[in-house]
Amino acid sequence: TQQLLALGFAAKEVVPMMKVLAEAVAATGAGADTLQRVTLALSQVKGRAKLVGDEIRQLGQVGLPVIQILAKKMGKTEAEFYETMKKSVINGSDAIAAIIVGLNEKYAGFLELKAKTLSGSWQVLTNNIGIMLGKLGERLNTAFSIPQTLLSLSAIISKLGDTITNFPSLVRIIADFAGL
């Protein structure tokens, strides 16, 4: 969301756009990492102000039918769409709008339907637990300076590792001293 806002997407369009993207990504069976990749690809289109093959490939690789959507929105076959891409520049904002509309037409309501299934309900539950644990972690971090504590613990473990590495020579010194 922050990435989209930073690239000039209007705040009022980011939330609905993320909902459409989340539904489309969920419909492919993918998760948050894929949603991040899709957001990055669309951000790159917005940043370049034109649609290029790299972003189309990125979106296609995650299972989103962007070629079909864009071809349909332009009133072309997929082959004609590829030819258009070779010959002319496709405006990035227009492409993003067409992709979002097309994904919404295809996947609108998917998350709501999925939430009604056993696996969907389980996923909602685990996502909510993850969100809750993330918030708990933030509060614990604030209260106990966890990063500093972890750095101190890491230093102790590192010293322990050095001691263990030197342990055989330490044992040899003790054995020699004891006359063993």
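19 is the number that the working numbering gives to position 27 of the sequence shown; each next residue is one higher, with no gaps. We put the beta carbon where it would ideally sit given N, CA and C, even for glycine.
A residue is called buried when at least 16 other Cβ atoms come within 10 angstroms of its Cβ; I156 does not meet this threshold and is exposed. A contact is defined here as three or more CB-CB pairs under 8 Å, and the stretch 136 to 152 fails this definition with respect to the stretch 51 to 61. The alpha-carbon separation between E15 and L132 amounts to approximately 32 Å.
The beta carbons of E75 and Q60 sit no closer together than 8 Å. DSSP, reduced to helix, strand and coil, places K42 within a strand of the structure shown. Check the Cα spacing between S85 and each of D154, R29, K38 and T20: the tightest is with K38.
Within the model, the alpha-carbon separation for I165 versus L152 is close to 19 Å. Across the structure, K79 and I48 are spaced so that their CA atoms are roughly 16 Å apart. Per the coordinates, the alpha-carbon of S146 lies some 45 Å from the alpha-carbon of V44. Distance from the CA of S113 to the CA of L105, rounded to the nearest whole angstrom, comes to 10 Å. Taking a 10 Å sphere around the C-beta of G94, we find 16 or more other C-beta atoms and assign the residue as buried. Taking the C-beta atoms as reference points, L62 is found no nearer than 8 Å to A89.
In this structure, L(-4) places its C-beta atom within 8 Å of the C-beta atom of M9. Inter-residue distance for L13 and V6 is about 10 Å (C-alpha atoms, whole angstroms). Within the stretch -2 to 40, the complete alpha helix (DSSP H) segments of 4 residues or longer fall at 3 to 19 and 24 to 40, listed in chain order.
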